[in-house]
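If you're matching positions, the sequence shown starts at 1 in UniProt numbering and goes up one per residue.
See structure below.
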Amino acid sequence: MRLLLVEDDDHVAAALAAVLARHGFYVTHARSGEEALRALLPDAGAPFAVVLLDLGLPDQDGFEVCGKIRKRTATPVIMVTARADTRSKIHGLNLGADDYVVKPYDTGELLARIHAVARRTPPAENGGTEEQRGAEDQQPLRLGPLTIELPNRQVSVGGATVPLTRKEFDLLALLAQRPGVVFRREQIISEVWRTSWEGTGRTLEVHVASLRAKLRMPALIETVRGVGYKIVVPAA
1 MRLLLVEDDD
11 HVAAALAAVL
21 ARHGFYVTHA
31 RSGEEALRAL
41 LPDAGAPFAV
51 VLLDLGLPDQ
61 DGFEVCGKIR
71 KRTATPVIMV
81 TARADTRSKI
91 HGLNLGADDY
101 VVKPYDTGEL
111 LARIHAVARR
121 TPPAENGGTE
131 EQRGAEDQQP
141 LRLGPLTIEL
151 PNRQVSVGGA
161 TVPLTRKEFD
171 LLALLAQRPG
181 VVFRREQIIS
191 EVWRTSWEGT
201 GRTLEVHVAS
211 LRAKLRMPAL
221 IETVRGVGYK
231 IVVPAA
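Have a look at this one:
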């Protein structure tokens, strides 16, 4: 498994790269945001399975780098940083990071998180999984003026495309595939974020509020107090 390690501290990078190598990873080390972005260019070589991204980079903030990565590729990004405040976690996840690990961390936990996000993103080779290939035949989900195209992850309202982040789309698609069914908060967090660590509950609330605002359909996602959320089918 190829992994891109974005870390400006050579000592930290060398120690982590050695551990990752012992567990079968082929590590490419980038010391700056620009170097990382160059490594992710289509003609730079075989794709990476995961990007480990430090936030304190010398040329640009790691949050900015994450945003640029997400515009270029769907490669999973795990932020690995000393910033432990909830606001930073929420901001990173909203930008499209797949996970957020705070330093100092347990190496075993980091390895588990790497494997978890890699499993959730099929390799670019071989055309993805059978499930993804079969998704090409899926019909769009239509809920009143809202249309959700699962294969290409496009959302539109009244024919106008609405840009969503990766997690916003995953959350909307999960709820929309079973309109009227109440999804427990724990279930949503588990299926969309694949985690249950502290702080994700607030992230869920932020994503729901963002969806309501972007779609301009505040009544679409209904809060079921003490339980979770459900999609309310708009009137014709």
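We put the beta carbon where it would ideally sit given N, CA and C, even for glycine.
- Judged by DSSP in its simplified three-state form, Q177 adopts coil rather than helix or strand.
- Restricted to the UniProt domain "Response regulatory" (2-118), the beta strand (DSSP E) segments that are unbroken, complete and at least 3 residues in length are 2-6, 26-30, 50-53, 77-81 and 99-102, listed in chain order.
- In the three-state reduction of the DSSP assignment, A219 falls in the coil class.
- L150 is not a Cβ neighbour of V208, given a cutoff of 9 Å.
- Rounded to the nearest angstrom, the gap between the Cα atoms of L204 and I189 is 7 Å.
- The alpha-carbon of L175 is positioned some 8 Å away from that of V181.
- By the C-beta density criterion, P76 is buried, having at least 16 other C-beta atoms within 10 angstroms.
- Contact between the stretch 6-14 and the stretch 28-35 is established, with three or more Cβ pairs separated by less than 8 Å.
- A straight line joining the alpha-carbon of G24 with that of A112 spans about 13 Å.
- Contact check for V50 against A118 passes: the beta carbons are separated by less than 9 Å.
- Taking 9 Å as the cut-off, the beta carbon of G33 is found closer than this to the beta carbon of K68.
- Cβ contact annotation for T73 (same chain, cutoff 8 Å, sequence separation greater than five): L40 and P47, in chain order.
- Leaving aside the five residues that flank F63 on each side, the residues in its chain whose CB is nearer than 7 Å to its CB run, in chain order, L55, H91, G92 and L95.
- CA-to-CA, the gap between M217 and I148 works out to about 14 Å.
- Counting only residues of its own chain and dropping the five nearest sequence neighbours on each side, Y105 has a CB closer than 8 Å to the CB of V80.
- For Q154, the secondary structure class from DSSP, reduced to helix, strand or coil, is strand.
- One Cα belongs to R83, the other to A116, and the distance between them is close to 22 Å.
- Contact between Q177 and L141 holds, since their C-beta atoms are separated by about 7 Å, short of 8 Å.
- For I231, the enclosing beta strand (DSSP E) begins and ends at G228 to I231.
- Here E168 is buried: its Cβ has 16 or more other Cβ atoms, across all protein chains shown, within 10 Å.
- The Cβ neighbour count for V227, taken over all protein chains shown within 10 Å, is under 16; the residue is labelled exposed.
- Judged by DSSP secondary structure, E191 falls outside any beta strand (DSSP E); it is assigned neither H nor E.
- In the DSSP assignment, L141 falls within the beta strand (DSSP E) that extends over L141 to L143.
- The beta carbon of S210 sits closer than 7 Å to the beta carbons of E168 from its chain, once the five residues preceding and following it are set aside; these are given in chain order.
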